[in-house]
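As structure tokens, the structure follows; a few thoughts come after it.
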Amino acid sequence: MKFFLKKFLDLIPTLLGISLICFFMIRLIPGDPVLNLVGERGVDPVRYLEMKKALGLDLPIIEQFWHFLKNAFHGNLGTSIVSNNSVWFEFMERFPATIELSLVALFFATLIGIPLGIYAAIKRNSFFDYFLMSSSLIGYSMPIFWWGLILILIFSVKLGLTPVSGRIDLTFDIPLFSGLYLIDTLQSAVLKADGLKPFWSAIKHLILPATALGTIPLAVIARMTRSSMLEVLGEDYIRTARAKGMSKTRIIYIHALRNALVPIVTTLALLFGSIITGAILTETIFSWPGIGKWIVQSITSRDYPVIQGGVLIISFIIIMTNIIVDVIYYFLNPKMRN
Amino acid sequence: MNKFILTCVLFLSALSVHAKSFVYCSEGSPSSFNPQLVTDGTSTNATAGVLYNGLVEFQIGTTKIVPALAESWEISKDKMTYTFKLRKGVKFHTTKYFTPTRDFNATDVLFSIDRQRLASHPFHLVSGGKYEYFDGMEMGKIIKEVKALDPYLVQITLSSPEAPFLANMAMSFMGILSEEYGAKLTAANKKADMDNFPVGTSAFIFQSYAKDSVIKYTSNPQYWGKHGNIDKLIFAITPDANVRHQKLKTGECQFVNEPSPADIPEMKKNPALTVMQDAGLNIGYLSMNVTKKPFDNLLVRQAINHALNKKSYIDAIYLGNAIIAKNPIPPTIWSYNDSVKDYEYSPEKAKALLAKAGLPNGFETEIWTLPVSRPYNPNGKKMGELMQADLAKVGIKVKLLTFDWPTYLKKASQGDQQMLQMGWTGDNGDPDNFLNTLLGCGAIKGGSNYSMWCDKKFNQAVVEAKTTPDMKKRSSLYKEAQKIFKEQAPWVTLAHSTVFKAMAKNIKGYKVDPLGHDSFNLVNVE
Amino acid sequence: MKIFFSELFFELKKNCGAMIGIVFIIFSLFIAFLAPLIAPHNPTEVFADALRLPPSFISGGKAGFFFGTDDIGRDLLSRLIYGSRISLSVGFSVVVISLISGTFLGVVSGYYGGMIDRLIMRLTDLIMSLPSILFAIVIVAVLGPGITNAIVAVSVVAVPNFIRIIRAQVMVEKNRQYVQAAKLFGAGNARIMFIEILPNCMAPLIVQASLGFSDGILNVAALGFLGLGAQAPMSEWGTMLSDARSYIESSPWMVTLPGICILLTVLSFNLLGDGLRDALDPRLKKQN
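Chains as they are written, first to last, in our numbering: chain A, 109 to 446; chain B, 80 to 605; chain C, 380 to 667.
Following this line, the structure appears as structure tokens:
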């Protein structure tokens, strides 16, 4: 219990620090948000001051920060200067897109990565092992902004197999329920109107971005599984089991894999942070309407509330995932409890 | 499980024939759904183009003024009073958030004009209270009074004769909003919804909008005018020109806005696509700040005119899809002065002029490069690199600079620059909209005369032309102005680009609009 | 120290991947240093009559331009060659900056413990809880786009890795006997930290430096791709890639070639880093 309490207490200064960084760094960005707002033909000085006041940008900076903190604590992250929507609303509008993409990418990376890693570990030093390890290193070194472009060039433009960008064929009307199109397209109203077409459309749109985003995690998972399996296979109890004459498959899948999974699960969760990073680039390339694209765009338009609110939520999510990982680890690994 | 598959199969087979949808790959999110508040083409296409009508409009594909919500109009002899007879039986859109109980009439016209004109109007300050176009065209000054003579007769009195007034009335910012909707929102205390959840009179009804992603419209069954067969109009917001092209090829959209010049040859080759083109109503130029040294010296400005190899920009930046500009207005506008002679490309002459100006070894300066891609200059950065190379040949060392677009405009209108790339697409097809708006003395304060150039003779000509009703007289005044402009050389006129529209073969009835907007009212999907 | 390196090299020689990495790194260093001699043209020279030429070995190409030209008629091969200068120096600067600051903070944090340690660790937690590219983007947005600012941003993001690694190592080392002995002889804290302990933390540091190189190159290229890195007319690979995006169909070589250059450079540093880790990690060593 003390363990959890300490974890949560650690959270407070980190979050405070992040809000501080976000808030002040963002105000150092050159460019005036009011000017961005008024557009191409300028504005008279009186009106300019009025607008500045309406946005609360005329207050001393410390006061602005205090307001921001107070409101954030109440769950109010402010309103976007550009769209006049609340930051929370804009976030929730886009977050499902990012989650859908990230989860699918991670799912495929795991589904393919773990078996490949196990097989490489069993066939250690075989041609397959070398091949897998070198290609995973290539995957790990891949500049995904380039990789995404090449995937589009080959599969969408040249072969015409997948759509170029977006989440779904826009001619379908999908009432939003969870925000995840893979689920929403299966609602009875949608099925009645268009059958499974919207669902396939959503899947087709997901394939390329998920591949691009999943490449690095796939490489990491395959390598991690391999080394973790190798380690476990070298442990005494496996040797004992082998000496006892247990079947090889049983040893590998029941005993070794179970123990090897602990570090793999941890890696998986830690990959979440890097997936969010990858999502920023992937979403830019595939015009995926998620939070990565949202933040990058708000930086170009100097949308202060969106940047500070968005960065705060994203880091909060990453911190929470790390804590959850710690907790899982705590339960999976009895050594830590003592 | 089997049952599930069975039902799915049943659903698939029972699929009804799809409604006619039309997906338009647009290049950005609109800044508002109220045409009074927007100035950029992107927002205009998403608002005025599909949702609203004005009293008068430009006929699609021309700059000819035709009746819209006004059936006819009369202009008094002294050119000071305009009386518009309104169309009867026009219905505002019925949407999820508003059901009109009455037809369009004069109160809506007053509401729409007064919102922009009168600071005391209850809606004036909603959404920021900034009406860039209305103010920019000085409509507040031009209009003295607007009044309803009866529910279907509106009279507008001007403070002085204004030749381009009717053309201004046809511009998108004069779109008519519903007064009844305004009253309803006032009662519900949700005035801002006026500009986010639009209600208009045109061929399409707003359905939904997800920022940076998609706008959906359905066709208006009660539309008063002619319209094509599109049932669902969808704007797929796709900022990258290259992606728009790819989506057009894969059939994810039927029409792309602003195709990149690089993709044009391939689009033309593709048998599944139609590419339309039209001489754009635009000018791309390099402006020299005549208040900064050494550009206060006419010889230096002329030297720079000689030093730049415009032909190479047309090849590399516009990929041949533009003509070299010699005047500040494009040749498709009346009063274009074809007798003006351009400064030819000649580094030798440039050097000689520099030497005459007392700068035989050249000088160091800055060029600001356009941070956005526009038809009049598709790639400012690359053009800057070419200019840098050209000017280096005559000894002028150039540093390239740029800022984000709003900062760029703000700094430029204050005159911080030495040279900068700029351009303009006409709003109403009147030469005044180029010559006076961009080069008049008044435009220095207005912030769109980036050269800070105020020439007495030039200014006199354009101001006189503006208040003269006689077309012949106006034309000769504008021709004279162009001659003075060329001699004084405050700009290097670069290019008038060709505007391209690319669409799927089955799209029929689309017309290219010289003013650069897209209208789908008459489009048919076959 | 000398023995350490010769032993390391002996181990590395057995690792085929690492050797490939080293060979390629040396090769690119060679190209980078000799760029003015090797490059057939000036990387910023514009050939107005040679726009978007394909590589010379493809039909339509011209003999003078081996890898073709870009959209305003600059020789692509020369730009790529000069680009290796930029990428390698970017990687180098990122590693040097983050290594020095990370090592310093890590040693101090691990050695002193207590308040200083907690403060530094909180700071690393903070940076690590922000997605690296996002944080780098915010930094560049503040400082303004440009190659120097991109390097600074990417270095800041890389520092926590170094801090954590060094700190963990120092916490183990500081209780060793040789440190106790040095204390007894009256050595000052600075001496103990940087002269006694630090050399014994070299192994993980070398591995991290090599991996940091590849991360640095990749991140700066990503910033360049987003338009926040190197500015014109510099021929940085990521920027070249993003400039060429609109020609991906009509002139695919303009996109393909810079991407391959980034991939190969990053890959070779990762190969080296992997090899170093295998060679230096005693536990893995025992297993092999």
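Using N, Cα and C, we set each Cβ at its ideal position, and we do this for glycine too.
Tell me the DSSP secondary structure of B/Leu184 in three-state form.
According to the sequence as given, residue 184 of chain B is Asn; it is not Leu. Annotated three-state conformation of B/Asn184 is coil, per DSSP.
When Cβ atoms are compared, which residues of the stretch 383-399 of chain B fall closer than 7 Å to chain C?
If the cut-off is 7 Å between Cβ atoms, the stretch 383-399 of chain B has Ser391, Asp394, Ala395 near chain C.
Can the beta-carbon of B/Asn132 be found less than 8 Å from the beta-carbon of B/Ile255?
Taking the C-beta atoms as reference points, B/Ile255 is found nearer than 8 Å to B/Asn132.
Applying a beta-carbon distance threshold of less than 8 Å, which residues of chain A neighbour B/Ile313?
Simply Leu278, Thr279.
List the residues of chain A that B/Val102 touches, going by C-beta distances under 8 Å, in chain order.
Residues of chain A passing the Cβ test: Leu278, Thr279.
Against C/Ser480, what residues of chain B qualify as contacts under a CB-to-CB distance less than 9 Å, listed in chain order?
For C/Ser480, there are no neighbours in chain B by C-beta distance under 9 Å, as the nearest C-beta there is about 31 Å away.
Partner residues on chain A for C/Ile627, Cβ-Cβ distance less than 7 Å
In chain order: Leu257, Leu261.
Among B/Lys587, B/Cys533, B/Pro548, the one whose alpha carbon lies nearest that of B/Leu352:
For the residues B/Lys587, B/Cys533, B/Pro548, the minimum Cα distance to B/Leu352 belongs to B/Lys587.
Helix, strand or coil at C/Thr448 [DSSP, three-state]
Here C/Thr448 sits in strand by DSSP.
Under 8 Å: do the stretch 266-283 of chain A and the stretch 395-414 of chain A share three or more Cβ pairs, one atom per stretch?
They touch, by the three-pair rule.
When you compare only the Cα positions, how much space is there between A/Met337 and A/Gly268?
Rounded to whole angstroms, the gap between the alpha carbons of A/Met337 and A/Gly268 is 40 Å.
Between A/Leu299, A/Ala228, A/Glu201, which has its C-alpha nearest A/Asp418's C-alpha?
Note that residue 418 of chain A corresponds to Gly in the displayed sequence, not to Asp. When only C-alpha atoms are compared, the closest one is A/Glu201.
Assuming A/Ile360 contacts A/Ile230 (C-beta within less than 8 Å), just tell me the rounded distance between them.
Going by Cβ atoms, the distance from A/Ile360 to A/Ile230 rounds to 7 Å, so yes, they are a contact pair.
Scan the stretch 403-431 of chain B and note each continuous alpha helix (DSSP H) run of 4 residues or more that stays entirely inside, going in chain order.
Listed in chain order, there is nothing to give.
Bridge-paired residues (DSSP) for C/Ala600:
C/Ala600 pairs with nothing; no bridge assigned.
Apart from the five residues just before and just after B/Ala98, which ones in its own chain have a Cβ nearer than 7 Å to its Cβ?
For B/Ala98, the CB contacts under 7 Å within the same chain, skipping 5 residues up- and downstream, are Asp310, Lys311 in chain order.
By DSSP, does A/Asp302 sit in helix, in strand, or in coil?
The three-state reading of DSSP puts A/Asp302 in helix, counting H, G and I together.
Contact with chain A by B/Gly588, beta-carbon distance below 8 Å:
Not closer than 8 Å to any Cβ of chain A, the Cβ of B/Gly588 fails to qualify, so no.
Kindly indicate if chain A contains any beta-carbon less than 8 Å away from that of C/Pro510.
Interface residue, yes.
Closer than 8 Å is the cut-off here; do at least three beta carbon pairs connect the stretch 595-603 of chain C with the stretch 629-645 of chain C?
Contact holds: three or more Cβ-Cβ distances are below 8 Å.
Tell me which residue opens and which closes the beta strand (DSSP E) that B/Cys104 is part of.
Element bounds for B/Cys104: 100-105.
Per DSSP, which residues does B/Met582 bridge with? Please list them.
Under DSSP, B/Met582 takes part in a beta bridge, and its partners are B/Phe334, B/Thr353.
With a floor of 3 residues, list each beta strand (DSSP E) that falls wholly inside the stretch 326-391 of chain A, ordered by position along the chain.
Within the stretch 326-391 of chain A, no run of beta strand (DSSP E) reaches 3 residues while sitting entirely inside it.
Should A/Ala228 and A/Arg334 be called a contact, given that it needs their Cβ atoms to be closer than 8 Å?
Cβ distance < 8 Å, so A/Ala228 and A/Arg334 count as in contact.
Segment limits, beta strand (DSSP E) that includes B/Ala289:
Unbroken beta strand (DSSP E) run through B/Ala289: 283-289.
Selected residue, minimal CA-CA separation from A/Pro251, among C/Leu646, C/Met572, C/Ala658, C/Arg543
The option with the nearest alpha carbon to A/Pro251 is C/Leu646.
Output needed for B/Pro243: all residues of its chain with C-beta closer than 6 Å, excluding positions within five of it in sequence on either side, in chain order.
Same-chain partners within the cutoff: Asp509, Asp511.
Kindly list the residues whose CB is nearer than 7 Å to the CB of B/Ser292, restricted to its own chain and excluding five residues on each side of it in sequence; keep chain order.
Only residues of its own chain outside the window of five on either side were considered, and among them Ile316 have a CB closer than 7 Å to the CB of B/Ser292, listed in chain order.
With DSSP run on the structure shown, which of helix, strand or coil describes B/Trp152?
Strand.
In whole angstroms, give me the CA-to-CA distance for A/Tyr248 and C/Asp594.
Roughly 10 Å between the two C-alpha positions.
Just to confirm my understanding: we take B/Thr297, look at its own chain, exclude 5 residues before and 5 after, and list those with CB closer than 8 Å. What are they?
Counting only residues of its own chain and dropping the five nearest sequence neighbours on each side, B/Thr297 has a CB closer than 8 Å to the CB of Phe283, Ile284, Gln286, Asp310, Lys311, Leu312.
According to the Cβ coordinates, are B/Ala491 and B/Ala429 closer than 8 Å?
No; because the gap between Cβ atoms is not below 8 Å, this pair is not in contact.
Proximal residues of chain B, C-beta to C-beta of C/Gly617 below 9 Å
Here the premise fails: no neighbours, minimum Cβ distance about 15 Å.
Apart from the five residues just before and just after B/Asp193, which ones in its own chain have a Cβ nearer than 7 Å to its Cβ?
Counting only Cβ-Cβ distances below 7 Å, and skipping sequence neighbours, we find His200, Val225.
Roughly how many whole angstroms lie between the Cα atoms of B/Pro344 and B/Gly128?
Roughly 28 Å between the two C-alpha positions.
Any chain F beta carbon closer than 8 Å to C/Leu430
The chain labelled as chain F is not found among the protein chains of the depicted structure, namely A, B and C.
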